[in-house]
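Residue numbers (my numbering), protein chains in the order written: chain R, 3 to 159; chain E, 3 to 159.
Number of protein chains: 2
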Amino acid sequence: MSNALNVTIPEGAPFIEFTREFDFPVAAVFEAHRNPEIVAQWLGPDDMKIEVDHYDFRTGGSYKYTHTDHTGSYGFSGVFHKVRENEFALQTFEFDGFPDVVAMDYMHFETLADNRCRLVGHSVYPSQEARDGMVASGMEVGLSQGYQRLDALLANR
Amino acid sequence: MSNALNVTIPEGAPFIEFTREFDFPVAAVFEAHRNPEIVAQWLGPDDMKIEVDHYDFRTGGSYKYTHTDHTGSYGFSGVFHKVRENEFALQTFEFDGFPDVVAMDYMHFETLADNRCRLVGHSVYPSQEARDGMVASGMEVGLSQGYQRLDALLANR
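Next up, the structure:
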């Protein structure tokens with residue numbers, strides 16, 4: 003069973019917030035964000051094939067991957083400003099379709115009782131228009147589908 | 003003679019904008035941002051001593067430096083998401099007094115006529131409070147004094 007993704011789009015501020023709980027320990031969910039081979043199995047919408055060029059999930063590391071479907075290829079890249087094991091990650095995020103328009107994605111990993119955990123995301127955009135464009139792109143569906151695949155992966159490990 | 007620093011603090015958006023012209027070619031001003039030995043001679047307010055731990059001004063690079071005065075030491079660090087020679091730089095910016103509160107600093111280097119250039123800055127904060135705190139910290143004075151020292155440096159080269 004999957005938990006719900008809760009996305010908040012604040013009015014008049016260039017942010018996107020979300021929370022998502024998992025019925026798995028924080029260490030398992032963190033590792034699924036750190037290990038590129040696991041990341042490649044869940045990140046993104048269901049109908050996209052992912053190719054990970056590199057994914058170095060540590061302070062000062064960088065990443066680059068491409069999503070492909072029948073409509074074309076979409077590249078994403080950025081740097082990890084800070085990663086603290088089982089606690090926190092902050093990365094930049096750029097879609098190559100909008101060069102030089104870069105978001106900052108904060109992610110807090112919170113330990114809950116009963117070996118569960120919660121992800122709390124806060125994304126910051128360089129303009130209100132960039133934020134609204136990201137919302138319109140269907141990011142919520144992609145995020146939701148990705149976390150459902152992550153649930154399935156963790157259940158099978 | 004120094005050109006004025008123009009800072010804009012938009013209401014209701016977590017941004018700080020600035021423009022600053024220089025009576026020097028864009029290549030000279032860009033190089034003064036890229037070369038750590040030159041950066042150490044102008045970055046920050048007049049009354050601060052700077053110590054640069056590292057400053058790797060390129061896509062995927064990182065930086066760390068400390069400002070010290072009679073009140074104490076203040077550390078700053080981040081990563082360079084993207085650097086394009088003589089054109090563009092985008093870096094994250096964190097003050098160790100406010101850990102995990104990180105800004106994104108966009109900087110466009112624009113070529114003007116008569117061997118002059120213009121820096122256009124756009125800083126993005128993760129909350130309105132963080133932006134207001136940065137404004138209250140006196141960042142405008144520090145930026146203004148730094149660019150005046152940069153003018154003097156470039157005039158003497």
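Where is the CB? At the ideal position from N, CA and C, for every residue including glycine.
- prompt: Any Cβ of chain E within less than 8 Å of the Cβ of R/ASP98?
  reply: no
task: Return the residues of the stretch 81–108 of chain E that lie within a Cβ-Cβ distance of less than 8 Å from chain R, sorted by chain order.
output: VAL81, PHE82, HIS83, LYS84, PHE90, LEU92, THR94, GLU96, ASP102, VAL104, MET106, TYR108
- prompt: Are R/PRO16 and R/ARG133 closer than 8 Å when you measure CB to CB?
  reply: yes
- prompt: Leaving out the 5 sequence neighbours to the left and right, which residues in its chain are closer than 8 Å to R/GLU33 when beta-carbon positions are compared?
  reply: ILE40
Sub-8 Å separation of R/PHE95 and R/GLY80 beta-carbons: yes
message: Among E/GLU142, E/ASP153, E/PHE24, whose alpha-carbon lies nearest the alpha-carbon of E/PRO47?
response: E/GLU142
query: Going by other Cβ atoms of all chains shown within 10 Å of its Cβ, with 16 needed for buried, is E/GLU23 buried or exposed?
result: buried
field: Residue from R/HIS124, R/SER129, R/SER125 whose Cα sits closest to the Cα of E/HIS124
entry: R/SER129
query: If E/THR111 and E/PHE82 are in contact, beta carbons under 8 Å, what's the gap, nearest whole angstrom?
result: Per the sequence shown, residue 111 of chain E should be read as Phe rather than Thr. The pair is not a contact, with the Cβ atoms about 14 Å apart (cut-off 8 Å).
message: Among R/SER64, R/VAL126, R/GLY99, whose alpha-carbon lies nearest the alpha-carbon of E/ASP84?
response: Just to set this straight, residue 84 of chain E is Lys in the shown sequence, not Asp. Comparing Cα positions, the closest option is R/SER64.
field: Endpoints, alpha helix (DSSP H) assigned at R/ASP153
entry: 141–157
query: Are any of the Cβ atoms in chain R nearer than 8 Å to that of E/PRO38?
result: no
task: Over the uninterrupted beta strand (DSSP E) stretch that includes R/PHE71, give me the two end residues.
output: The sequence as given places Asp at residue 71 of chain R; Phe does not occur at that position. Note, R/ASP71: beta strand (DSSP E), 64–71.
Of the listed residues R/ARG151, R/GLY140, R/TYR57, R/PHE59, nearest to R/VAL9 (C-alpha basis): R/GLY140
query: Which chain E residues sit within Cβ distance under 9 Å of R/ALA15?
result: GLY14, ALA15, PRO16, SER129, GLN130
- request: Pull up the distance between the alpha-carbon of E/VAL126 and that of R/ARG151, whole angstroms please.
  value: 33 Å
message: Under 8 Å, Cβ to Cβ, is there at least one residue of chain E near R/VAL126?
response: yes
task: Keeping to the same chain, check which residues put their C-beta closer than 7 Å to that of R/MET50; ignore five residues upstream and five downstream.
output: HIS69, THR70, ASP71
task: Write down the C-beta distance between R/THR21 and R/VAL137 rounded to the nearest angstrom, noting that I regard them as a contact closer than 8 Å.
output: Not really, about 17 Å apart at Cβ, beyond 8 Å.
task: Could you tell me whether the Cβ of E/GLY62 comes closer than 8 Å to any Cβ of chain R?
output: yes
message: DSSP three-state label for R/ILE11, please.
response: coil
- prompt: Near E/ASP98, what residues of its chain come up, given a Cβ to Cβ distance below 6 Å and the 5 sequence neighbours on each side ignored?
  reply: GLY77
- prompt: From which residue to which residue does the alpha helix (DSSP H) around R/GLY135 run?
  reply: 130–138
- prompt: What residues in its chain sit with their C-beta under 6 Å from that of R/SER2, if we drop five residues either side in the sequence?
  reply: Residue coverage of chain R in this structure runs from 3 to 159, which leaves residue 2 of chain R outside it and unanswerable.
query: On the premise that E/SER146 lies in contact with E/LEU7, defined as a C-beta separation below 8 Å, what is that separation, rounded to the nearest angstrom?
result: 4 Å
field: Of the residues R/GLY62, R/HIS56, R/VAL103, R/MET109, the one placed nearest E/HIS56, counting alpha carbons only
entry: R/GLY62
message: Counting C-beta neighbours from all protein chains within 10 Å, is the total for R/LEU114 16 or more, i.e. buried, or is it exposed?
response: exposed
- request: Could you check the C-alpha separation between E/VAL54 and E/HIS35 for me, to the nearest Å?
  value: 13 Å
query: What first and last residue would you give for the alpha helix (DSSP H) that runs through E/PHE32?
result: 28–36
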